[in-house]
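Those protein sequence lines, which keep their order, are chains S and B. Residue numbers for the first sequence follow the numbering used here, so the first one is 10 and each next one is one higher. Residue numbers for the second sequence follow the numbering used here, so the first one is 10 and each next one is one higher.
Protein chains: 2
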Amino acid sequence: MSALEKFFCPGSVAVVGASRTPGKAGHTIVRNILEFGFRGDIYPVNPGCEEILGLRSYASIGEVPGPVDLAIGVLPRRQTLDLITECAHAGVRSLIIPAAGFSDVGAEGRELEREVMEAARAAGIRVMGPNSIGTVCTGCGIATPIVTLDRMRPGGVSLFGQTGMLASGFARWIQTSERFGINKIACLGNKADLDENDMLEYLATDDTTRVIGFYTEGVSNGRRFAEALRAAAGAKPVLVLKSGRTAGGRKAIASHTGALAGSDEVYSGLIEQCGARRVADFEELFDCAKALEWQPLPAGDGVGIVSITGLGCVLAADSASRYGLRFPRPAPRTVEAMRGALPDWVPASNPADIWAAIEARGPKEAYGLVASALADDPDVHSLVAIFTLIPESSLDVMELFGPLAESHPEKPLAAVLMSGDALMYAEWKRTLEGNGIPAYHSPERALRALGAMRALNRKGMGAADAAPATQPARSITPPLGSRDVR
Amino acid sequence: MSALEKFFCPGSVAVVGASRTPGKAGHTIVRNILEFGFRGDIYPVNPGCEEILGLRSYASIGEVPGPVDLAIGVLPRRQTLDLITECAHAGVRSLIIPAAGFSDVGAEGRELEREVMEAARAAGIRVMGPNSIGTVCTGCGIATPIVTLDRMRPGGVSLFGQTGMLASGFARWIQTSERFGINKIACLGNKADLDENDMLEYLATDDTTRVIGFYTEGVSNGRRFAEALRAAAGAKPVLVLKSGRTAGGRKAIASHTGALAGSDEVYSGLIEQCGARRVADFEELFDCAKALEWQPLPAGDGVGIVSITGLGCVLAADSASRYGLRFPRPAPRTVEAMRGALPDWVPASNPADIWAAIEARGPKEAYGLVASALADDPDVHSLVAIFTLIPESSLDVMELFGPLAESHPEKPLAAVLMSGDALMYAEWKRTLEGNGIPAYHSPERALRALGAMRALNRKGMGAADAAPATQPARSITPPLGSRDVR
Chain S
10 MSALEKFFCP GSVAVVGASR TPGKAGHTIV RNILEFGFRG DIYPVNPGCE
60 EILGLRSYAS IGEVPGPVDL AIGVLPRRQT LDLITECAHA GVRSLIIPAA
110 GFSDVGAEGR ELEREVMEAA RAAGIRVMGP NSIGTVCTGC GIATPIVTLD
160 RMRPGGVSLF GQTGMLASGF ARWIQTSERF GINKIACLGN KADLDENDML
210 EYLATDDTTR VIGFYTEGVS NGRRFAEALR AAAGAKPVLV LKSGRTAGGR
260 KAIASHTGAL AGSDEVYSGL IEQCGARRVA DFEELFDCAK ALEWQPLPAG
310 DGVGIVSITG LGCVLAADSA SRYGLRFPRP APRTVEAMRG ALPDWVPASN
360 PADIWAAIEA RGPKEAYGLV ASALADDPDV HSLVAIFTLI PESSLDVMEL
410 FGPLAESHPE KPLAAVLMSG DALMYAEWKR TLEGNGIPAY HSPERALRAL
460 GAMRALNRKG MGAADAAPAT QPARSITPPL GSRDVR
Chain B
10 MSALEKFFCP GSVAVVGASR TPGKAGHTIV RNILEFGFRG DIYPVNPGCE
60 EILGLRSYAS IGEVPGPVDL AIGVLPRRQT LDLITECAHA GVRSLIIPAA
110 GFSDVGAEGR ELEREVMEAA RAAGIRVMGP NSIGTVCTGC GIATPIVTLD
160 RMRPGGVSLF GQTGMLASGF ARWIQTSERF GINKIACLGN KADLDENDML
210 EYLATDDTTR VIGFYTEGVS NGRRFAEALR AAAGAKPVLV LKSGRTAGGR
260 KAIASHTGAL AGSDEVYSGL IEQCGARRVA DFEELFDCAK ALEWQPLPAG
310 DGVGIVSITG LGCVLAADSA SRYGLRFPRP APRTVEAMRG ALPDWVPASN
360 PADIWAAIEA RGPKEAYGLV ASALADDPDV HSLVAIFTLI PESSLDVMEL
410 FGPLAESHPE KPLAAVLMSG DALMYAEWKR TLEGNGIPAY HSPERALRAL
460 GAMRALNRKG MGAADAAPAT QPARSITPPL GSRDVR
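In structure tokens form, the structure reads like this:
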């Protein structure tokens, strides 16, 4: 069994330094674990009180009555060595250390980290951190961050990285804006023990994880990393966000987590060779994650576009080649079907500018006829509909996408909400993504996500190979999709 | 006087093809002009009715009692030639042609456009279009689009381009999400007559326009374009969004507006040589426009960053050099002031990771002390504060930015709302931008905007030269900033 299993699915968890005071980190962790519905035993440890959030509190980890699968030590960094000793005596073998001030702040911290890790290794304790806010697992209801977190929408995407943002700010953003379902999150901090390689090896064989995304500032064991990445990317789609692209960035990384960032080009080549996909920033990471979570991988590089505006067609065309995609010329049958919507003087092309058709027949019929004509074209492998959120183009967007998804479950669909009213934008995005249709703010972003999916498929890697077993052709109603948070 | 003056500030306007039917383009235009508070005469022209939206309607443009400074002909493309004849007889010299189906759709349309333009030239009529939804001018209350538009926040930014999106979808997006103030908008369509060059020449000397942004798919007269761009960029900041970066994009452009896109590299070099700034997409165009509208140009390339998360520091550092910016090491006095907020073990560096300070002193004091220390540093020329919208870091954000803006009116400020709750994001963005502080969704986007401002200043071009006359050091309360739409 992977050492990581206990960090995500422990049978019992102790919070050392738990607190009765709302706002304190030691209070928040207990609250988060309760909020996420953890079904195992929770042991707050604090010699100064007897009960925390309705749970009995213990004076020391040694007094906890049952076995402790996972401990979180919410203590000042100077008490970490004592914590290791206590955990060793109590038989705890998995420990999260949230405290910062170790290798993340210079020579003195590095020395302290070395001592802590020496003691942990001697006691057989696996450590996440220091400077780590730990893990989230929606399946077993664990959530160890030191900042409050609302229960998250469960799903197939697992994320990890040095940064605590994945289980704090980004977790909230995903929950309230991006809406894809989370399986597991790990914030690795200084990676004094558990690191990217452990995570990749663990998630590669984790059946409930269908998409992996991770952020790294640099890895320490290049050979093991390549092996772990190749194995994971062979099993499911893997998205890699690597910072340290510039010298300035690498310097900042050194002072932040003490990691050596390494040559950026080497990483790019390695990631591609392993069959994973490098993304440029968190926006792209989430854009791709949701498409991979909700939509099938495209069988080819042909994209059909139906757009309310010629500008949408131009911007899409301008970025297609950058993402390895093309717009196949509509087949004769497709042209015939498109002609049913378009005024005589408007050419039936792809990308299709349907403004004149909207003026003539209204948005519902114009989008419906042209989109289904393109989706029926055998050379079209994915379909994008571009909208502008103005009163003149209002329609029930799932009346368009629902039938398309049903008639072509094998073709990924995406929506572009290119501009218009911000309130309509939020409402359309919620409707679309609540139904598993990824919605992007520009044609470029939609094509970037489709290009990533195409690349993951072309390599013969990713979920395509294992589609029947681990990924349904399309989850048109994603888990909890109808239970939108706001 | 520029031929364009009558398109933005006419004393009277006729809508040929005006309609009593809500939803029809000929109805919408009249409605828009009323909505924007136009103070001149409005003449609906429609032989089939006597009154439209409370205005007397005329049977033909020849029967209109007063002079017509500007006509908009909302007619099928086949009636355009007759319209030119009528306008010529009635003495109309400025005409907007919204109809599409000219050079935008192929050979037959090109021939029709040629005939129309020959007749217009013979009659001395200047044309915007065909395939143009015309202009917006918040100053005189003109708004000619064929889709409904709500009255816009007035300000100093003027935008133009082929696309009608600028006065429809993007106009709504700016109004409801981006919030910078609009001076003028022109949608040039097929540019059979008036084009980018006319617009640049006009806006260069238009005193109320303080920032110019435009989208182009290609220009016809390179020499005149270079001259016009250089003159405009010498007078105020100019942002250029040019599509047709790829062969696929250029092909799409040819079928959309019939323009020849030209070599992309030539454009990049030309734009830079002229002292303007090329932007990559509409997101960057708006990101930069708002910063230029609200904030002063930075005197140098030194950026100070205060961030709730080390990740924000790394991402900022990673993109700084790409945008020609650097993070100066804090001066001894700055370090001393920062130390007042930071725990002993946290280094006083720039970018400054203040999470430990927030834990120790709360967000208000931590952000306040570190940000003002950095802003006081003479080597820091602009300041960025990075937030994560989680309950633990809640603060009154204008209590932070207000004093900074007051003590350093010469230094541009920006906020990064990096992640967190989507509702908090919308609220913070509204508060910040209602007070003239641009808010971005990632460190990369904030630095990209500051980099553009720095480049515009370094070239000795843009508003810096003319700052006292045309641009206040900072409009901390932008026009209508407190009158947020939603």
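Quick reminder that beta carbons are idealized off the backbone N, C-alpha and C, glycines included.
Assumed close pair residue i, residue j - CB separation to whole angstroms, cut-off 8 Å
i	j	result
T217/B	G148/B	6 Å
A213/S	A240/S	5 Å
P56/S	A27/S	Contact doesn't hold; Cβ gap of about 11 Å is too wide.
D310/B	G333/B	6 Å
P360/S	A382/S	Wrong, their Cβ atoms sit about 13 Å apart, outside the cutoff.
Neighbour flag for residue i against chain S, beta carbons, 9 Å
i	result
Q171/B	yes
M174/B	yes
A326/B	yes
V22/B	no
R181/B	yes
D474/B	Because the pLDDT of D474/B is 40, which lies under 50, any placement of that residue in the model is unreliable, and the number read from its coordinates should be weighed accordingly. By this cut-off, D474/B is not an interface position.
I38/B	no
E122/B	no
R162/B	no
I93/B	no
P360/B	yes
W364/B	yes
G118/B	yes
9 Å Cβ cutoff, residue i in contact with chain B
i	result
L441/S	no
D388/S	no
H450/S	yes
G471/S	With a pLDDT of 40 at G471/S, under the threshold of 50, the modelled position of that residue is not reliable, and no figure is offered here.
G490/S	Residue confidence for G490/S is low, a pLDDT of 33 falling below 50, so the modelled location carries little weight; the figure read from the coordinates is stated next. It does not: the Cβ of G490/S has no partner Cβ on chain B nearer than 9 Å.
W354/S	yes
A261/S	yes
R86/S	yes
A241/S	no
Pairwise C-alpha distance: residue j and residue i
i	j	result
F17/B	G164/B	15 Å
H98/B	F45/B	29 Å
I403/B	S316/B	In the sequence on display, residue 403/B carries Ser and not Ile. Those two C-alpha atoms are separated by around 14 Å.
P447/B	S358/B	24 Å
V288/B	K420/B	22 Å
L168/B	Y276/B	19 Å
P76/B	A431/S	40 Å
S112/B	A244/B	34 Å
Which residues DSSP lists as bridging residue i, in chain order
i	result
A68/S	According to DSSP, A68/S bridges with nothing at all.
P163/S	I191/S
L422/B	L392/B
K251/S	T225/S
G313/B	L392/B
A9/S	For chain S, the structure presents residues 10 to 495; residue 9/S sits outside this window and is missing.
A448/S	A424/S
Chain B residues whose Cβ lies nearer than 7 Å to that of residue i
i	result
A329/S	G257
P339/S	Correct list: empty, because the minimum Cβ distance to chain B is about 13 Å.
D430/S	R181, T185
L320/S	T172, M174
Neighbour list for residue i in chain S, Cβ cutoff strictly below 9 Å
i	result
E44/B	Ordered by position in chain S, no residue passes the 9 Å Cβ test against E44/B, which lies about 13 Å from the chain.
E274/B	By Cβ distance, chain S contributes nothing, its closest Cβ being about 15 Å from E274/B, past 9 Å.
G115/B	W354, P356
E293/B	Chain S residues near E293/B: none, gap ~11 Å exceeds 9 Å.
8 Å Cβ cut-off: residues of chain S touching residue i
i	result
S252/B	V323, L324, D327
Interface residues of chain B facing residue i [CB-CB closer than 9 Å]
i	result
W437/S	Chain B residues near W437/S: none, gap ~13 Å exceeds 9 Å.
T157/S	I399, P400, E401
Interface residues of chain S facing residue i [CB-CB closer than 7 Å]
i	result
S177/B	T397, I399
D290/B	S451, E453
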